[in-house]
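Line by line, the protein sequences give chains A, B, C and D.
Residues 1 to 284, numbered by the working numbering, are exactly what the first sequence covers, in order.
Residues 285 to 568, numbered by the working numbering, are exactly what the second sequence covers, in order.
Residues 569 to 691, numbered by the working numbering, are exactly what the third sequence covers, in order.
Residues 692 to 814, numbered by the working numbering, are exactly what the fourth sequence covers, in order.
What follows is a short report on a single structure.
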Amino acid sequence: MARIIGGLGISHTPSMGVEFDRAADNGAVATEWQPWFEGTRPARALLERLRPDHLVIVYNDHLNHFTLDAYPTFAIGVGNGFPQMDEGWGLRPLPELPGDHRWGIHLTEQLIERDFDLTVCQGLGVDHGIFSWLPYLLEPPWTVPITPIAVNMIREPLPRPQRLADLGLALRAAVEAHPSEERVLIVATGGMSHQISGARFGIANADLDKWFLQQLPAHLDDLLKIEVRELQRLGGTEASELALWYAMRAALGPQAGVEYSFSSFPKITGCGVLVMTEPEEAIR
Amino acid sequence: MARIIGGLGISHTPSMGVEFDRAADNGAVATEWQPWFEGTRPARALLERLRPDHLVIVYNDHLNHFTLDAYPTFAIGVGNGFPQMDEGWGLRPLPELPGDHRWGIHLTEQLIERDFDLTVCQGLGVDHGIFSWLPYLLEPPWTVPITPIAVNMIREPLPRPQRLADLGLALRAAVEAHPSEERVLIVATGGMSHQISGARFGIANADLDKWFLQQLPAHLDDLLKIEVRELQRLGGTEASELALWYAMRAALGPQAGVEYSFSSFPKITGCGVLVMTEPEEAIR
Amino acid sequence: MPLPSFDLKEPGTVQFTAERAFDGRHLTAFCLSLRDESNRAAYLTDPDAYMQRYALTAADRDLVRARDWTALLRRGAHLQAVLKLCATHGGNLFDIGAHNAGVSVTELLAACPRIVSAVPGKA
Amino acid sequence: MPLPSFDLKEPGTVQFTAERAFDGRHLTAFCLSLRDESNRAAYLTDPDAYMQRYALTAADRDLVRARDWTALLRRGAHLQAVLKLCATHGGNLFDIGAHNAGVSVTELLAACPRIVSAVPGKA
Ligand SMILES: [Fe+3]
Ligand SMILES: [Fe+3]
Numbered sequence: 001m002a003r004i005i006g007g008l009g010i011s012h013t014p015s016m017g018v019e020f021d022r023a024a025d026n027g028a029v030a031t032e033w034q035p036w037f038e039g040t041r042p043a044r045a046l047l048e049r050l051r052p053d054h055l056v057i058v059y060n061d062h063l064n065h066f067t068l069d070a071y072p073t074f075a076i077g078v079g080n081g082f083p084q085m086d087e088g089w090g091l092r093p094l095p096e097l098p099g100d101h102r103w104g105i106h107l108t109e110q111l112i113e114r115d116f117d118l119t120v121c122q123g124l125g126v127d128h129g130i131f132s133w134l135p136y137l138l139e140p141p142w143t144v145p146i147t148p149i150a151v152n153m154i155r156e157p158l159p160r161p162q163r164l165a166d167l168g169l170a171l172r173a174a175v176e177a178h179p180s181e182e183r184v185l186i187v188a189t190g191g192m193s194h195q196i197s198g199a200r201f202g203i204a205n206a207d208l209d210k211w212f213l214q215q216l217p218a219h220l221d222d223l224l225k226i227e228v229r230e231l232q233r234l235g236g237t238e239a240s241e242l243a244l245w246y247a248m249r250a251a252l253g254p255q256a257g258v259e260y261s262f263s264s265f266p267k268i269t270g271c272g273v274l275v276m277t278e279p280e281e282a283i284r
Numbered sequence: 285m286a287r288i289i290g291g292l293g294i295s296h297t298p299s300m301g302v303e304f305d306r307a308a309d310n311g312a313v314a315t316e317w318q319p320w321f322e323g324t325r326p327a328r329a330l331l332e333r334l335r336p337d338h339l340v341i342v343y344n345d346h347l348n349h350f351t352l353d354a355y356p357t358f359a360i361g362v363g364n365g366f367p368q369m370d371e372g373w374g375l376r377p378l379p380e381l382p383g384d385h386r387w388g389i390h391l392t393e394q395l396i397e398r399d400f401d402l403t404v405c406q407g408l409g410v411d412h413g414i415f416s417w418l419p420y421l422l423e424p425p426w427t428v429p430i431t432p433i434a435v436n437m438i439r440e441p442l443p444r445p446q447r448l449a450d451l452g453l454a455l456r457a458a459v460e461a462h463p464s465e466e467r468v469l470i471v472a473t474g475g476m477s478h479q480i481s482g483a484r485f486g487i488a489n490a491d492l493d494k495w496f497l498q499q500l501p502a503h504l505d506d507l508l509k510i511e512v513r514e515l516q517r518l519g520g521t522e523a524s525e526l527a528l529w530y531a532m533r534a535a536l537g538p539q540a541g542v543e544y545s546f547s548s549f550p551k552i553t554g555c556g557v558l559v560m561t562e563p564e565e566a567i568r
Numbered sequence: 569m570p571l572p573s574f575d576l577k578e579p580g581t582v583q584f585t586a587e588r589a590f591d592g593r594h595l596t597a598f599c600l601s602l603r604d605e606s607n608r609a610a611y612l613t614d615p616d617a618y619m620q621r622y623a624l625t626a627a628d629r630d631l632v633r634a635r636d637w638t639a640l641l642r643r644g645a646h647l648q649a650v651l652k653l654c655a656t657h658g659g660n661l662f663d664i665g666a667h668n669a670g671v672s673v674t675e676l677l678a679a680c681p682r683i684v685s686a687v688p689g690k691a
Numbered sequence: 692m693p694l695p696s697f698d699l700k701e702p703g704t705v706q707f708t709a710e711r712a713f714d715g716r717h718l719t720a721f722c723l724s725l726r727d728e729s730n731r732a733a734y735l736t737d738p739d740a741y742m743q744r745y746a747l748t749a750a751d752r753d754l755v756r757a758r759d760w761t762a763l764l765r766r767g768a769h770l771q772a773v774l775k776l777c778a779t780h781g782g783n784l785f786d787i788g789a790h791n792a793g794v795s796v797t798e799l800l801a802a803c804p805r806i807v808s809a810v811p812g813k814a
């Protein structure tokens, strides 16, 4: 059976991607993004040591692929590649995400058998939800195939926090039912505190982000009791995306431990990263 | 609170719609469709007596609205009208389905709160899944608003039969949470035995359909133990759509009783209808 | 025609598995584009040019040109999609079914409904 | 600029409720059509003609012409959709945020990140 070797939680934001490209052009990272760039180096080294064979990435689309004509609570990508969406300023110089449609089919079967009502996407484009942070951690050309799972963080009602934890548990069972010896890393990505509209635009609750990174590894049950509205009130409306990180934590065993944790606040979105491993994969 | 007054199970098939239009033009129903036309008269009379204020219709699309780029397990329509899809032979002379977006929002909120991972559709077109049988039972212009819930019966894996029963239970709770005194009829529509491809094209297990209509009112638990593949083996691949009827039965209370039950086999699809009512609405 | 058997094997049944759904995704997308009337007109005007818009292989295009409904289903085009293609060429379900069953449309029409009897638990 | 408050009321927050999502569905669809480069070009060439393709009301069209980002959000256009419209006109998130907050872009840029501190259970 395949198995989960660890988990990665990470923020995404368009500006993170813009800055990556600018730094690549200029040969230097802008001052306000320097902490984030440096902060991702240890995570990058950890991923290299962990050698995952497959990445399951729980993320959210931002109306760049889906529309409100049909907005899925949970959508899974089944394909051998997932192209980048043009978010309005043109495409970035990056390849498409590699996929493995057999993994997509396997996870679809396993999750629907466990009563997750997926929308199954044979043509899925992906936005900064994955493309913004991925180049910081993995250098293109990307070779490790990805199965993307998109979660609604755009329109009310959002799924309950507990549903995301249940998704993580189901993903664990689904991975373990895969007839291979592959090493799977579960990734969840959602912006930390931020709000990008209204008079609260730019709210930056850096302490909330640090607190969340401290709580998630060992206190998921406490976090699940917090309403998403409370995260939004304290951390901005888009802090709802923190709920996605629950799927990653729940997919790992109770004994999984923290390898690395970091956060910074470059401008308008809390940027954090958390790497956890199962005990038998511990590097720390 | 709103309440469920009863349920309707009914077959759909494109030819049923074609025949309705032809009969309207000719002033006479074709011989092979005569039993079905006559058989729907008592159901029509029952619906008139039951005076529902809202219809929740669990149906399936046949790649007439959705595509395999994004095929939802469960999709809900939120709108004040749902247009007819052109299935390749032009539109039929029928108005769009009336909707009530507030009911759509209410049911969406209630079902997602109960962990149904809906795809929420603000622009939903509907095919013969609803348009083929509706004119037999309700005369246009239609005035009772409808909330359509589309279930994947097109691509494997299908939802488990139990998931459809769970949907019915959740619908009951959702209706009862509606702040009104409205009378709600739960409808489930799926073709009975039929297979429309392969050398088994035209398989007609009329006895299976009769047996199903006998079992559903009081033996849902037994039916739920039967794998969908077994229904497909005996009744044809599209007999999988019988599983949709489970949602209707499960939405009613255990004491709900049969008002009317009928089936016939015009040509290539088993055509049946079942009307049930809650005890306090019993007419029989 | 002999009565249908109670199994899900080919040629009786061409199951639309998840693998087939994936393999046939471009064919299904091409066929479903014909739900749109203007697309039907464009396709009928110049089928080859129209098919170029979709990522069909040369083998896929040959199956479409040959209206080989059975091979299209095996290749992973969904029946409901193939039906749009068939309708665009003036056909209907019975054309596909007859091709699948290896009989004429007249024979198939005469044989339907093909009455069988069995219920679960009493094979 | 004063620091953001810990509540979800307007004008601090314009919640994208399910009702707003429904009311603004045509505006959101119009804005999202601008994800496509050729649509952006068509819109910029003749905004009024382009808007005719969508079921926008006269009031909706006025808000678009006025680039009244705040009123568009209140009307139910999703922020991520309004952002496409803003980008098409050469703007970015800060233009929308400044309009929402009633300050200049320069002021808003200078104020960010607007550091606050609180965690759940310790308001
Ligand atoms: Fe985000
Ligand atoms: Fe059907």
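Every residue gets a Cβ at the ideal spot worked out from N, C-alpha and C, and that includes glycine.
query                                                                                                                    : result
Collapsed DSSP secondary structure at T73(A) in the structure displayed                                                  : coil
Exposure of Q539(B), with buried meaning 16 or more beta-carbon neighbours within 10 Å                                   : exposed
As assigned by DSSP and simplified to three states, the class of G781(D)                                                 : coil
Cβ neighbour criterion (16 or more within 10 Å) applied to L526(B)                                                       : buried
Per-residue contacts from T67(A) into chain D (C-beta, under 7 angstroms)                                                : A720 and L723
From E259(A), A174(A), V120(A) and I186(A), residue whose alpha carbon lies closest to that of Y355(B)                   : V120(A)
Alpha-carbon spacing of F366(B) relative to N310(B), whole angstroms                                                     : 28 angstroms
Amino acids of chain B, ordered along the chain, whose beta-carbon sits closer than 9 angstroms to that of G123(A)       : T351, L352, D353 and A354
Proximal residues of chain B, C-beta to C-beta of V582(C) below 8 angstroms                                              : S481 and G482
Closer than 9 angstroms to chain B by CB, F20(A)                                                                         : no
Cβ-heavy atom distance, H349(B) to ligand 2, below 8 angstroms                                                           : no
Outcome for Q620(C) when other beta-carbon atoms lying within 10 angstroms are tallied against a minimum of 16           : exposed
Supposed contact pair V684(C) and L571(C) - C-beta distance, whole angstroms, cut 8 angstroms                            : 5 angstroms
Environment of G537(B) [buried if 16+ CB atoms lie within 10 Å]                                                          : exposed
Cβ-based burial, M476(B) [other Cβ within 10 Å; buried from 16]                                                          : buried
Residue-chain proximity (R346(B), chain C), Cβ-Cβ < 9 angstroms                                                          : Before going further, note that residue 346(B) is His rather than Arg in the sequence given. It does; some Cβ of chain C falls within 9 angstroms.
Counted within 10 angstroms of its Cβ, other Cβ atoms place R229(A) as buried (16 or more) or exposed                    : exposed
Near ligand 2: G293(B) beta-carbon under 8 angstroms from a heavy atom                                                   : no
Closer than 7 angstroms at the beta carbon, the chain A residues around R593(C)                                          : Q122
V302(B) versus S416(B) - alpha carbon distance                                                                           : 8 angstroms
Closer than 8 angstroms: H667(C) CB and nearest ligand 2 heavy atom                                                      : no
T779(D) burial status per 10 Å Cβ neighbour count (16 or more: buried)                                                   : buried
Any chain B beta carbon closer than 9 angstroms to A814(D)                                                               : Caution is warranted here: a pLDDT of 49 is assigned to A814(D), below 50, making its placement in the model unreliable, and the coordinate value is therefore given only provisionally. By this cut-off, A814(D) is not an interface position.
E297(A): CB within 8 angstroms of a non-hydrogen atom of ligand 1                                                        : Shown here, chain A extends from 1 to 284; a query on residue 297(A) therefore has no answer.
Three-pair Cβ contact test at 8 angstroms for the segment 571 to 580 of chain C versus the segment 474 to 494 of chain B : yes
Residues sharing a beta bridge with Q368(B), DSSP                                                                        : V410(B)
Contact list for the segment 605 to 621 of chain C against chain B, Cβ threshold 9 angstroms                             : E605 and R608
Own chain residues within Cβ distance below 7 angstroms of R765(D), not counting five before or after                    : V705
Pair within 9 angstroms by beta-carbon distance, A483(B) and N668(C)                                                     : yes
G689(C) burial status per 10 Å Cβ neighbour count (16 or more: buried)                                                   : exposed
Y260(A) - DSSP class collapsed to helix/strand/coil                                                                      : strand
Cutoff 8 angstroms; reference A691(C); Cβ partners in own chain excluding five residues on either side                   : Only weak support is given to the placement of A691(C): the predicted model assigns it a pLDDT of 49, under 50, and the question is left unresolved by the model.
Alpha carbon of R114(A) to alpha carbon of H717(D), nearest angstrom                                                     : 36 angstroms
Among R376(B), Q499(B) and L347(B), nearest to K652(C) - alpha-carbon criterion                                          : L347(B)
Assigned secondary structure, M532(B) (DSSP; H/G/I helix, E/B strand, else coil)                                         : helix
Distance, L164(A) Cα to I4(A) Cα                                                                                         : 17 angstroms
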